[in-house]
Amino acid sequence: MNYDLLFDPVKIGPVTAPNRFFAAPHATGHGFSLPSGAIALRETKADGGWGTVAVQITEISNDTDMANHPIERIWDEVYFKPHAEQAERIKAKGALAAIELGHGGMRARNFATGMPVIGPSDLPILKPEIPVQAKAMDKSDIRGFRESHKKAAQMAKRAGYDIIYVYAAHDISILSHFLSRRTNHRSDEYGGSLENRVRLLREVLEDTLEVAAGERAVALRFAVHEVGAKLAMTHDGEGREVVEMLAELPDLWDVNISGWSADSNTSRFSEEGYQLEFTEFVKKVTSKPVVGVGRFTSPDKMVSVIKSGKLDLIGGARPSIADPYLPNKIRENRVEDIRECIGCNVCVSMDAYGVPLRCTQNPTIAEEWRRGWHPEIITRAQKEQFSLIIGAGPAGLDCALTLARAGHQVTVAEATDEVGGRALRESKLPGLHGYRRIAEYREYQLRQMGNVDIYTSSPLSPEDLPEFGADNVVIATGSTWRSDGVGSGNFDPISWPQGARVLTPQDLMGGAKAEGAVVVYDDEHNYMASVLVEALRKKGHPVTYVTAEQAVAHWTAYTLEQRKIIARMKEMSVPMHVNSSLLGFDGTHVQIQNDLSLTGPDSLACETLVFVGARIPENTMLSKAQELLGEGKVTICGDALAPGTMQAATLSGHRIARSILDQGTGFFRLEEADI
Ligand code: ADP
Ligand code: SF4
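When the letters of the sequence shown are read in order and numbered with numbering that gives the first Met the number 0, they come out as residues 0 to 674.
And the structure:
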């Protein structure tokens, strides 16, 4: 396939993007207080060939304080300098720099500033769990907001950004709140008819165009469709009408779907290009260029999207996190080198949790400045060494790849007949097919290198190690799921009577069969239990989900999957019990107790208990290996060190490799608190 089309320049108002790759605005978890890390992260994308690099939501004033999310600010002069540096560094790499100015309206909390939250109407803010209410804006508030937006646009222009965004998406924008019938209950000229509800957006667009004065482009990010909301904007209803009303006003339409969980949908619940059915109409309505997202990682798909007239620019947030060098790899005909996003939303979870970005596929993200890591370049080792890696899971593979890239002679020994460890095993579960990419990318890269040998069906014991004569041995042997009732909420083993059928995720992935009615007990709280529920339900078992936590798959609230998981379990008629601790299992029934009321125990019919709890690190060979080879030669990483997510495993493998290479793992650079 010829990908030249992806490298066409695209005129966006008065500026020209050098190609169609558009690194969409996304949370980096750095925010205003960690500018150096955020700047380096975005500069890296520009270096990797993204023709436009956009900065995430940037608060325009102190009445839109989104703390606890680490968000950028351009409230006043104090915040100017890092923006100027950011724009300059992005542009120095040949990309356009864009900034998404935003006011959170009814999504702000203003805890940090004590300012009143403002919105179109006197209503509680759009975070029902937070007891804050918004004040209905009067005319002077509206004037004040427009002034703030103009001032922010002026500062953004002065800072050197090429594209200035007006933001009305994700339900995180005051402009969306004015647009929506759900939140706009006004009876003046800013409420009621759609024409009235669009008024403020139109005014702010006009204000921003006035500031841009034909020297900067003005983009509108607009959610054309809100998934599952009451009185929603829809792509075939009011969402379309808004595009028709403002069609030629912005220089660029950046269109998506809302809320954030729909926009950043995971691979478990959506395919590449999942937004197109909602956004593709926009190009038919406007003559202005259109950018959209949808976890695009395949250049073939990108070409077909452009050729079929659905988008002009390929937006990528997660694809640009997983591989900041994706465009360059396509340009250089190295498509097979792309490190494709797996759609797991670990990146999203970090922002939602309020800390800097992490990525399962790209362990160097957010470490460009702090640790000096580059996603593609590993400095050549000063001395060629021989490194033996035991275990070919995510940790072992990333460690091996990093060392091999530095020029080490690398041998990977894997006990099973497959390369990939848990990434491969889990990818066979419903919805997790994309997780294969963790293994596939690394295995492919390793197999291209002349300095790497991979041996499968090769379980090693400590006694095997001396004969290798390796300079470094890295133990990456993973972990084993516990079956004894120990998990996040219970540290006391439970004993089951002889013959009671208790299976772990590992047993099920290894082919063990459940019998009859199944209870899946979730004491891990990530995705695994819910995925097994789905697999077992598909096999026809009656399945009940039980967890001691107060919510189903608690951590997945941060990956934006929780509601979808609950909905899917409901669709599959799976009863769900929360706040319910497992007391015991006699082979025919499990006993659970409600942790809040302490009522029960209740008894649930159960032939097979699937226990998803803690894991035991496979570290037994460490001390013997150190005894035989000397302590300095043997290290351990990934789940074998401390069981965690696959993201933690790739980072751990990478970190251990860098420490062997002595490349940037000693001390973090100090994080700034300079503004
Ligand atoms: P991680 O997420 O830390 O990479 P995984 O469980 O995915 O952990 O991978 C660990 C890999 O190590 C598995 O593929 C497992 O088969 C392999 N392994 C475990 N013990 C040995 C051993 N003694 N010799 C070789 N390979 C091993
Ligand atoms: Fe993609 Fe997962 Fe990386 Fe996010 S963390 S960019 S979803 S691979």
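Here a beta-carbon is modelled for each residue, glycine too, at the ideal position from N, C-alpha and C.
No experiment lies behind these values; they were computed from the predicted model shown.
Under the three-state reduction of DSSP output, I377 falls in the coil class, being neither helix nor strand.
Here the segment 278-288 makes contact with the segment 242-250; the two share three or more CB pairs at distances below 8 Å. The three-state secondary structure of A16, taken from DSSP, is strand. Remark: C-beta atoms of S147 and L230 do not approach each other more closely than 8 Å. Annotation note: the segment 439-524 contains the following uninterrupted beta strand (DSSP E) runs of length 3 or greater, listed N- to C-terminal: 451-454, 471-474, 478-480, 500-502, 517-521. Here A212 is exposed. Its C-beta has fewer than 16 other C-beta atoms within 10 Å. Taking a contact to require three or more Cβ pairs closer than 8 Å, the segment 181-189 and the segment 109-127 qualify as touching. If you draw a 10 Å sphere on the C-beta of M575, you find 16 or more other C-beta atoms in it, and that means buried. Sixteen is the threshold: since fewer than 16 other Cβ atoms of the shown chains lie within 10 Å of the Cβ of K427, the residue is exposed. Counting only unbroken stretches of 4 or more residues, the alpha helix (DSSP H) elements lying wholly within the segment 246-305 are 259-262, 275-278, 281-284, in sequence order.
The beta carbons of T15 and P24 sit no closer together than 8 Å. Counting C-beta pairs closer than 8 Å gives three or more between the segment 48-57 and the segment 95-111, which meets the contact rule. For G315, the uninterrupted beta strand (DSSP E) segment begins and ends at 312-315. Under DSSP, the beta-bridge partners assigned to D601 are I591. In this structure, the ligand ADP has no non-hydrogen atom nearer than 7 Å to the beta-carbon of S386. Between the ligand ADP and A475, a heavy atom-to-CB distance of less than 7 Å is present. Relative to the ligand SF4, Q646 has its C-beta within less than 7 Å of a heavy atom. Relative to the ligand ADP, T415 has its C-beta within less than 7 Å of a heavy atom. In the DSSP assignment, F385 falls within the unbroken beta strand (DSSP E) covering 385-389. When distances are taken from the beta-carbon of C340 to the heavy atoms of the ligand SF4, the shortest one is below 7 Å. Each residue's CA atom was taken as its position, placing G190 and D262 some 27 Å apart. D3 counts as exposed, since fewer than 16 other beta carbons sit within 10 angstroms of its beta carbon. Separation of P318 and C340 (C-alpha to C-alpha, rounded to the nearest whole angstrom) is 5 Å. Secondary structure at T182: coil, using DSSP grouped into helix, strand and coil. Contact annotation: D170 and S257 have beta-carbon atoms nearer than 8 Å.
D64 is positioned such that its CB atom lies closer than 8 Å to that of N109. Between S172 and G104, the C-beta gap is smaller than 8 Å, which places the two residues in contact. A distance below 6 Å between beta-carbons, with the five flanking residues on each side excluded, links F385 to the following residues of its chain, in chain order: Q408, A469, D470. For R421, no beta strand (DSSP E) run applies; the uninterrupted alpha helix (DSSP H) run containing it begins and ends at 420-425, by DSSP. By the neighbour-count criterion, in which 16 or more other beta carbons inside 10 Å mark a residue as buried, Q447 falls on the exposed side.
In the structure shown, G629 falls within a coil segment according to DSSP collapsed to helix, strand and coil. According to the DSSP assignment, G159 belongs to no beta strand (DSSP E), since it is labelled neither H nor E. R338 places its beta carbon 8 Å or farther from that of M349.
Comparing C-alpha distances from K10 to each of R215, A133, E442 shows the shortest one belongs to R215. Partner residues in the beta bridge of E225, as assigned by DSSP, are S257. For M575, the three-state secondary structure derived from DSSP is strand.
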